[in-house]
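If you read the sequences in order, they're chains A, B, C, D and E.
Here the first sequence is numbered in this note's numbering, starting from 150 and rising by one per residue.
Here the second sequence is numbered in this note's numbering, starting from 150 and rising by one per residue.
Here the third sequence is numbered in this note's numbering, starting from 150 and rising by one per residue.
Here the fourth sequence is numbered in this note's numbering, starting from 150 and rising by one per residue.
Here the fifth sequence is numbered in this note's numbering, starting from 150 and rising by one per residue.
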Amino acid sequence: MPKNPIKERSAKAGLPPGTPVHIAERSEKTKIFVMDYDEKNFRELEVKTADECLPFKKDRKTATWISIYGLQDIKFLEEFGKKFGLHPLVVEDILDTGQRPKMEDYDDYLYIVLKMLIYNEKYRKVETEQMSLILGPNFVVSFQERENGIFDRIRGWIRNSKGRIRKMGADFLAYTLLDAIVDNYFLILEKLGERIEILEESLIKDPSPKTIQAIHKLKREMIVLRKSVWPLREVVNGLERESRSKSPLIRKETSIYLRDVYDHTIQVIDNVETSRDIVSGMVDIYLSSVSNRLNEVMKVLTIIGTIFIPLTFITGLYGMNFRYMPELEHPVGYFAVLGGMLILAILMLIYFRKKKWL
Amino acid sequence: MPKNPIKERSAKAGLPPGTPVHIAERSEKTKIFVMDYDEKNFRELEVKTADECLPFKKDRKTATWISIYGLQDIKFLEEFGKKFGLHPLVVEDILDTGQRPKMEDYDDYLYIVLKMLIYNEKYRKVETEQMSLILGPNFVVSFQERENGIFDRIRGWIRNSKGRIRKMGADFLAYTLLDAIVDNYFLILEKLGERIEILEESLIKDPSPKTIQAIHKLKREMIVLRKSVWPLREVVNGLERESRSKSPLIRKETSIYLRDVYDHTIQVIDNVETSRDIVSGMVDIYLSSVSNRLNEVMKVLTIIGTIFIPLTFITGLYGMNFRYMPELEHPVGYFAVLGGMLILAILMLIYFRKKKWL
Amino acid sequence: MPKNPIKERSAKAGLPPGTPVHIAERSEKTKIFVMDYDEKNFRELEVKTADECLPFKKDRKTATWISIYGLQDIKFLEEFGKKFGLHPLVVEDILDTGQRPKMEDYDDYLYIVLKMLIYNEKYRKVETEQMSLILGPNFVVSFQERENGIFDRIRGWIRNSKGRIRKMGADFLAYTLLDAIVDNYFLILEKLGERIEILEESLIKDPSPKTIQAIHKLKREMIVLRKSVWPLREVVNGLERESRSKSPLIRKETSIYLRDVYDHTIQVIDNVETSRDIVSGMVDIYLSSVSNRLNEVMKVLTIIGTIFIPLTFITGLYGMNFRYMPELEHPVGYFAVLGGMLILAILMLIYFRKKKWL
Amino acid sequence: MPKNPIKERSAKAGLPPGTPVHIAERSEKTKIFVMDYDEKNFRELEVKTADECLPFKKDRKTATWISIYGLQDIKFLEEFGKKFGLHPLVVEDILDTGQRPKMEDYDDYLYIVLKMLIYNEKYRKVETEQMSLILGPNFVVSFQERENGIFDRIRGWIRNSKGRIRKMGADFLAYTLLDAIVDNYFLILEKLGERIEILEESLIKDPSPKTIQAIHKLKREMIVLRKSVWPLREVVNGLERESRSKSPLIRKETSIYLRDVYDHTIQVIDNVETSRDIVSGMVDIYLSSVSNRLNEVMKVLTIIGTIFIPLTFITGLYGMNFRYMPELEHPVGYFAVLGGMLILAILMLIYFRKKKWL
Amino acid sequence: MPKNPIKERSAKAGLPPGTPVHIAERSEKTKIFVMDYDEKNFRELEVKTADECLPFKKDRKTATWISIYGLQDIKFLEEFGKKFGLHPLVVEDILDTGQRPKMEDYDDYLYIVLKMLIYNEKYRKVETEQMSLILGPNFVVSFQERENGIFDRIRGWIRNSKGRIRKMGADFLAYTLLDAIVDNYFLILEKLGERIEILEESLIKDPSPKTIQAIHKLKREMIVLRKSVWPLREVVNGLERESRSKSPLIRKETSIYLRDVYDHTIQVIDNVETSRDIVSGMVDIYLSSVSNRLNEVMKVLTIIGTIFIPLTFITGLYGMNFRYMPELEHPVGYFAVLGGMLILAILMLIYFRKKKWL
C-alpha cells in the first residue's frame with residue numbers, strides 16, 4: 150500500500166517538470182458531470198468536452214460543481230487545465246495520485262489534494278484514493294479516479310435542496326465535500342476498532358504467530374491512515390486561515406464550518422494515535438503470553454522429569470546384577486522400595502504445590 | 150470505551166452538516182433547572198419550555214444558571230438554540246457526545262465542551278460524560294446527559310451564599326463548574342493510583358497472565374483520561390486569554406481564578422504522565438519476573454537431571470547382562486558403586502552451590 | 150510518594166474555591182522568625198502574631214525575612230494573608246502542599262512555590278517538601294512545613310554579614326533561598342548517582358529479581374525529582390523576565406544571579422535526564438543477563454543430557470533379556486562396550502567445544 | 150558509510166580554517182563542461198581553465214550551466230573561486246565532501262550543498278555523493294566528484310529545447326537539478342521498499358539470525374538516507390523564502406516550482422519515516438517468531454518426555470531383580486503391563502490435545 | 150564520568166553565591182602565556198601576575214591572547230577577575246569545572262564555557278575538560294585546567310603568520326579556538342565509530358555478556374558527548390546572533406566563519422544521534438542472538454532426547470523380568486528389536502529435517 154506511490158513516482162523520475170503523466174493503475178474512462186444551482190434553480194448534466202464546462206467558469210450567480218471521474222484522458226485534462234487557467238504543475242499533480250494532502254493558493258483558485266479511504270471488505274484492508282479539488286470563485290471542480298459513492302448523499306442534498314447547501318456558495322460545497330471525506334474516516338476508524346477488539350480477544354484466548362502478523366498488518370494500515378490524516382490538519386487549517394484573510398474564494402460565514410471540520414480532523418488524529426498506543430501495548434501482551442506458554446510447557450516437563458527421574462534411578466539401582474545385594478533377597482524389599490518411591494513422589498508433589506507450580 | 154464515540158460519529162456520517170442528531174445511549178428525559186441570583190436575591194425553579202428560559206437571557210443584573218439534563222428531546226434543544234441565538238453547529242455539537250474538549254468564541258457567547266470522568270465502582274472502570282457550557286453575558290447554560298452529583302455542592306453554595314460565588318457574576322459560575330470538574334479528576338487519579346499500587350504488589354508477589362491484562366486495561370483507561378485532560382489545557386488557556394483580552398464575557402477578576410484552574414489542569418496532566426511512566430515500567434518488571442520464573446523452573450529440572458542422569462547411567466551399566474563383568478562378582482562391588490554414586494552426587498551439589506543455583 | 154499530593158487534592162475536592170485547607174500530615178506548630186537587616190544594622194526576633202509582622206511590610210530601608218514554619222494554624226495564616234494583602238487563592242495554595250512549582254505575579258508581590266528535596270537516610274528515599282515564598286518590595290516571607298536545615302547557612306551569612314547578602318535587598322535574599330534549594334538538588338543527585346553505581350555493579354555481578362525492583366523504585370524516585378525540577382525552570386525563567394521588565398520587585402543587578410540559578414537548574418535537569426537514560430539502559434542489561442543465565446543453565450542440562458542419554462540407551466540395550474544376544478557371550482564384550490561409550494563421550498565433548506559451549 | 154565523512158573530517162582537523170583540502174577517495178580528473186543557452190540560442194563546449202569560464206559570469210542575456218566534475222585539482226578550484234568571487238569557506242566546503250545539505254546566501258550568489266544517493270547494485274547498498282551548486286544571477290556552477298548520469302536527461306532537454314527549461318533562467322535550471330535529485334530519491338525508496346518486502350516475507354517464512362542482521366543493515370542505510378533528506382527540507386524552504394523576498398537570484402515565477410520540490414521532499418521524508426516505523430515493527434515480529442520456535446521445540450521435547458519418562462519408569466520397575474515380585478510370576482503380567490502403558494500413553498495424548506499442544 | 154561534576158557541585162553547596170571555589174582534582178600550577186600580534190608585529194611572553202596582563206587590556210591596536218593554565222591559585226584568579234572587571238559569578242564559574250557549555254554577554258566582554266573532549270587511550274574512554282573564554286574588545290583570555298595540545302597548532306599559525314589569523318582581530322582568534330575544539334570532536338567521533346564497528350562484529354560472531362556491558366559503557370560515553378555538544382549549538386548560535394547585532398565584540402566578517410562552525414556543530418550532533426540510533430539497534434541484535442543461541446542449545450537437547458528416550462523405553466521393555474515374555478524367546482527377537490529401533494531413529498531424523506531443525 151504505502152509502497153505504490155513510490156513506485157509510481159519513480160516511474161516519473163526523468164521527465165521535465167510540469168509534464169502531466171498519469172500514474173495509477175485502477176483508472177476508468179473519464180466522465181464529467183455538472184451540477185449548477187442556487188437557492189431556486191437547479192440543473193444537472195453530463196458533458197463531454199472542456200469547452201462545455203467553460204460557461205460555468207464565467208457565470209457568477211450560481212454555484213457549479215464539475216465532477217470529473219477517471220484520469221486516463223491526459224489530453225482532455227491538459228486542455229481543461231488550459232481553459233480553466235490552471236498552472237501546469239496543478240495538472241501534473243492532479244494526475245499524480247501519489248500526492249500528500251495539501252492546499253495551495255493560486256490567487257484565482259485554491260488547489261486542494263485529499264485522500265479518501267475506502268475499506269475493501271473483500272481483502273479486509275484500507276485502500277486510499279486521491280481526490281483533487283479546484284475551488285474557484287463560484288465553482289468547484291473535483292477530480293477522482295473513479296466513483297466510490299462517498300459523495301452520493303451530497304448530490305442528493307443538492308437535488309432535493311436539503312440542509313443549507315443550496316443557499317450557500319461554492320465554498321460551502323467545498324466544505325461539504327471535505328466534511329464527507331472526514332466523516333468517512335470515522336467509518337474506517339470503526340472498522341479498525343473492531344479489528345483491534347477481535348485481536349485483543351484472540352491475544353488473550355489463543356495467541357499464535359498469526360496474531361503477531363495481524364498486529365503488524367494493522368500497524369501498517371494505521372501508518373497509511375496516519376499519513377492521510379496528519380497533513381489534512383494543515384489543509385483545513387490553511388482553508389480556515391484563507392477564510393479569515395478576506396479571500397474572495399472563501400466567505401467568512403464558511404469559516405465556522407471549517408473550524409468544525411478541523412475539530413473532527415483533530416478527533417480522527419486523536420483516535421489514530423490512541424489506536425497506535427493500544428496496538429503497541431498488544432505486542433507486549435503477545436510476547437508475555439508466549440513467554441507464559443513456554444513457562445507452562447516447561448513446568449509440565451519439569452514436574453514429570455523431577456518426579457520420575459529419581460524414581461527411575463532407584464529402579465535402575467535394583468536392576469543391577471551384582472552378586473551381593475542384600476536388599477534384593479529381603480522378602481519385603483520390593484514392597485519397601487515401592488513404598489519409598491511413593492513417599493518420594495508425594496514429597497515432590499507437596500514441594501511443587503508449595504512452589505505454586507500445581 | 151474509546152471506541153464508542155467513533156461508532157457514534159460514524160452513525161452520523163451521511164447527514165448534512167448542522168443537522169442535530171443525538172448520538173448516545175444513556176440519556177434521560179430532558180429536565181431544566183434555573184437558578185437566578187445576585188448577592189442578595191436568590192430564585193430556583195424548574196421550567197419546561199425554552200420560552201420560560203428566555204427572560205433570564207435578557208435580564209442584566211443577576212447571574213443565571215440554566216442546567217439542562219438529558220439530551221433526547223432534540224426538538225426542544227433546536228428551539229432553545231434558536232431562541233438563545235446559538236449557531237446550528239453548536240446545537241449539533243451539544244448533542245454529539247463524542248466531542249473533544251474545546252472552547253469556541255461566538256462573540257455573543259462562549260461555547261465550552263468538557264469531559265466529566267465518573268468512576269464506575271461496579272465495573273471498576275472510568276466512564277466519561279460530556280458537558281457543554283454556554284457562557285453568555287450574565288448567564289450560564291449547562292448541558293449534561295444526566296445528573297451525576299458533581300455539581301450538587303455548587304448548588305449548595307449558591308443556595309446558602311457560601312464563599313464568593315453569590316458576589317460574582319456568571320463568568321465566576323462557569324469557572325466554579327470548571328473547577329469542580331478538574332477537582333473531580335483528582336478523585337479519579339486517586340482511584341487509578343490505588344489500582345497501580347495493587348498491581349505493583351501483585352507484580353512482585355504473584356505475577357500471572359491476568360496481571361499483564363490488568364496493566365493493559367489500566368493503560369487503556371489512562372489513554373481515555375489523557376484524551377480528556379490534554380485538550381482541557383487549551384480550553385482553560387483560551388478562557389484565560391479571553392479574560393485578558395477585555396472580553397465582555399469574562400471579567401479581569403476571574404482571570405486569577407482561571408490561572409488557578411490552569412495550574413490544577415497541569416497538575417492532573419503531570420500526574421497522568423507520571424502514572425503512564427510507572428505503568429510502562431511495570432511491563433518490564435512483569436516480563437523479567439516471567440523470565441525469572443522460567444529460570445527457576447529450569448534450574449530445578451537441570452539440578453535433578455544433572456544429578457540423576459549420570460547415576461542412572463551407572464545403574465544401567467551394572468544392569469547389563471554380559472557374561473564377563475568382573476565388578477559384579479566382587480563382594481563389595483555393590484557398596485563401592487553406591488559410595489561412588491554418593492560422592493558424585495555430592496560433587497554435583499557442590500558445583501551447583503558454587504554456581505549459586507542452590 | 151507521587152500519590153500523596155493526589156490524595157490530598159482529592160480530599161479538598163468539594164470546597165468552594167479560595168477556602169484555605171491545610172492538606173499535609175507532617176506539619177508542626179506554627180513558628181515565626183523575623184530577620185531585618187541592611188548593610189549596617191541587623192535585628193533577629195521571634196514573633197507570635199501577624200500584627201507584629203506588619204511593621205516590616207511598611208518599612209522601606211531595610212530588607213526583612215519573615216520565615217514561618219508549620220502550616221497548621223489556618224486562622225493565623227488567613228489573618229496574615231489579609232494583613233499582608235495576599236489574594237485568598239495564594240493563602241489556599243500556601244496551605245495546599247501538593248502544588249506544582251510555579252511563580253505568579255500579583256503586581257504588589259510575587260508568589261513562588263518550590264519543592265525542596267530531602268534525602269531520608271533511614272528509608273533510603275527522597276522526600277519532597279513544599280516551600281512558598283512571598284517576595285514584596287522589601288521583604289520576603291517564606292512558608293515551610295517544618296525546619297529542615299537547608300537555610301541555616303543563609304541565616305549565618307546574614308548574621309555574620311558574609312558575602313554580598315547584607316548589601317543587597319529582599320530580591321537578592323529570595324535569589325539566595327532559591328540558590329540554596331537548587332544547590333541542595335545536587336546533593337540528591339549525588340545520592341541517586343551512588344545508588345545507580347551500586348545497582349550497576351550488582352547488575353553485572355549478581356542480578357536478581359530484587360535488582361529489577363530496585364531499578365523500578367529508582368525510576369519512580371527520578372520521576373518525582375523530575376516533577377520538582379522541570380517546572381522550576383519556568384519559575385526561574387519567569388523571575389529573570391520579571392527582573393528585565395523593570396519590575397520594582399526585582400532589580401536589574403539581581404538578573405545576573407538569576408541567570409546563574411537558571412544555569413544550575415538546567416544542569417540539574419540535564420543530570421536527571423542523563424540518569425533516566427542510564428537507568429533505562431539497565432533494564433536491557435538485566436533482561437539480557439537473565440537470558441544469559443537461562444542459557445547457561447540450559448547448556449549444562451543439554452551437555453549432561455546429550456552425553457548420558459545415548460550412553461544409557463546402550464546400557465539399556467545390553468540389559469535386555471533376549472535369549473539370543475551374541476555380544477553378551479563374548480569374553481571382551483563388556484570392555485568393548487565400555488570403550489565404545491568412552492569414545493562416544495569424548496566425541497560429544499569435542500563437538501561441544503567446537504560449538505563453544507564448554 | 151556514515152563513518153567515512155567523520156574520518157574525512159578528522160583528517161582535516163588541525164589546518165587553519167579556510168584552507169581548501171580535498172577529502173574524498175573516489176575523485177576523477179577535473180573536467181569542465183559549459184552549456185550556454187536562451188530560448189533561441191544554444192552553445193555547448195568543454196573548457197580547461199577558469200579564465201575560459203569567466204565570460205559566462207559577466208554575460209547577462211543567456212543562462213549558463215558550468216558543470217565541473219572531479220575535485221582533485223585544488224589549485225584550479227582555488228583559482229576558479231577567486232575569479233568568480235567565491236568566499237574561501239565556500240571553496241573549502243566544495244572540496245569537503247562530508248558536508249550536511251545546506252543553503253547559504255552570499256548576496257552575490259547562493260551556495261547550495263546537496264547529497265545525491267546512488268544505489269550500488271553490486272554491493273546492494275546506497276552510496277551518497279555530494280553536489281555543490283553556485284547559483285549566480287545568470288549562471289549555475291555545479292561541482293560533482295564524478296559523473297553519475299542523474300543529470301543526463303536535463304542536458305538532453307536543454308539541447309532539444311524540451312519543456313520550459315530553455316525559456317527560463319538560471320534559477321529554473323537550479324530548480325531542475327534539485328528536482329532531478331529529489332526524483333532520484335524515489336528510486337532509492339523503491340529499492341528499499343523492495344528489500345523491506347523481501348525481509349518481511351523471510352521474517353514469516355524462515356526467520357534466521359541473518360534476518361536480524363539484514364534488518365540492522367537496512368536500519369543503518371535508512372539512517373544515512375534520513376541524514377541526507379531531512380536537511381534538504383530546510384534547503385528548499387530557504388530557496389523558497391529567497392524567491393519570495395525579492396532576491397535578484399530567484400525570480401518569483403520559480404517560487405511555485407520550488408514549492409513543488411518542497412512537497413516532494415516532504416513526501417520522501419514521510420516515506421523514510423514510514424519505512425522506519427515498519428522496520429522497527431519487524432524486530433518485534435522477529436523476536437516473537439524466535440520465541441515461537443523455541444516454544445515449538447520445547448513442546449516436542451515435553452510431549453516425548455512426558456509420555457516416555459513414566460513408561461520407562463515402569464519398565465525399570467519390572468526390571469528390578471528382587472527375589473519376591475509377585476507380578477513377574479503372573480502368566481499375563483507382561484501383557485497387563487503393556488496394556489497399562491498403552492492406556493497411560495493415550496491419556497497423556499488426550500491431555501496434550503486438550504492443552505492444544507498437538 | 151557524568152557523576153563527577155555533581156559530586157563537585159554538591160561539595161560547593163552551602164557557600165554564599167559568588168564565592169570562588171575550585172572544584173576539580175586534576176589541576177596543575179597556574180601558568181600564564183601571552184601572545185600579542187597584529188599583521189606585522191608579534192610578541193610572545195610568559196607572565197606571573199595579573200598586573201602584567203593589564204596593559205594588554207587597554208591596548209587597542211593589536212590582538213592579544215592570554216592563556217591561563219591551572220586553576221588552583223584562587224587568589225590570583227580573583228585578583229585577575231577584579232583587574233579585568235569580571236563579574237564575581239564569572240570567576241566562580243571559571244573555577245567550577247562542572248559547568249554546562251554556555252555563552253553570556255556582559256556588555257564589556259563575552260564569557261564562554263566550552264567542553265573539550267580528550268580520548269584517554271590508556272583507559273579507552275572519553276574525558277571531558279572545561280575551557281572558559283573571555284572575549285574582550287581586543288583580547289581573548291582562555292582558562293584551562295592543563296595543557297592538552299589542542300591549541301598548539303593555532304599557536305603555530307600565529308607565530309608563522311599562517312592563514313588569515315594575523316590579519317584578523319581577537320574575535321577571529323576566539324572563533325579559531327572554537328573551531329579547533331569542534332574539529333577535535335570529529336576525532337572523538339571517529340574513535341567511537343571504530344568501537345561501534347568492533348562491537349558490531351563481536352555481536353554477530355561471538356555475543357557474550359561482556360558485549361552488552363560494552364554497549365552500555367558506549368551508551369554512557371555517548372551521553373557524556375551529547376551533553377557537551379548539544380549546548381554548544383546554542384553557544385555558537387548566540388555568538389552568531391551577537392555578530393549580527395552590531396556588537397563591538399564580534400565583527401560582521403567573523404559571522405560567516407561562525408556559521409561554518411555552527412554547521413560543523415550540527416554535523417557532530419547529527420553523528421552523535423546517528424550513533425545512538427545504531428547502538429540502540431545493537432541491543433536488539435544482542436537479545437535476539439542470545440535467544441537464537443538458546444534455541445540452538447534446546448534443539449540439540451530435543452533431538453537427542455526425542456530420538457533416545459523412546460529407544461531407551463524399548464530397551465527397558467525387554468529388560469523386564471517377567472516370566473512369560475514370548476518375544477524374548479524368539480531366536481531373531483533381538484535383531485528385530487535392533488532393526489525396529491533403527492527404523493524409528495531414521496523416521497525421527499526425517500521428521501526433524503522436515504521441521505528444518507537439522
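We treat Cβ as the ideally placed atom computed from N, Cα and C, and that holds for glycine.
Residue-level contact check: I364(E) does not touch chain D, since none of the beta carbons of chain D fall below 8 Å from its beta carbon. Remark: C-beta atoms of F288(B) and K206(B) approach each other more closely than 8 Å. A residue is called buried when at least 16 other Cβ atoms come within 10 angstroms of its Cβ; D320(D) meets this threshold and is buried. Relative to I307(B), the option among L507(C), V486(C) and P166(C) whose CA is nearest is P166(C). No Cβ-Cβ contact shorter than 8 Å links I361(A) with H365(B).
Within 10 angstroms of the beta-carbon of L477(C) lie 16 or more other beta-carbons, which makes it buried. Within the same chain, Cβ atoms closer than 6 Å to the Cβ of T213(B) are found at D185, F205 and F288, the five residues on either side in sequence being excluded. Closer than 8 Å to the CB of G318(A) there is not a single CB belonging to chain B. Looking from the CA of I415(C), the closest CA among D332(C), L284(C) and R249(C) belongs to D332(C). The C-beta distance from G468(C) to G489(B) rounds to 19 Å, too long to fall under 8 Å, and the pair is not in contact. Contacts between V449(E) and chain C, judged by CB atoms closer than 7 Å, involve T451 and T455 in chain order. Residue-level contact by beta carbon holds for K376(A) and chain D, with a gap shorter than 8 Å. Every alpha helix (DSSP H) of 4 residues or more that sits fully in the stretch 345-409 of chain A is shown, in chain order, as 358-393. For L284(A), the three-state secondary structure derived from DSSP is strand.
Within a 10 Å sphere around the beta-carbon of D256(D) sit fewer than 16 other beta-carbons, which makes this residue exposed.
At least 8 Å separates the CB of W214(B) from every CB of chain C.
Using a CB distance cut-off of 8 Å, E294(E) does not count as an interface residue toward chain C. If you ignore the 5 residues before and after F501(D), its C-beta comes within less than 7 Å of the C-beta of I452 and L507, all in its own chain and listed in chain order. Closest by C-alpha distance to K354(D), out of V439(E), G234(E), K504(E) and L244(E), is K504(E). For M431(E), the secondary structure class from DSSP, reduced to helix, strand or coil, is helix.
The alpha-carbon separation between V449(A) and H479(E) amounts to approximately 39 Å.
Here V239(C) is near Y260(C), since their CB atoms are less than 8 Å apart. Secondary structure of M317(B) (DSSP, three-state): coil.
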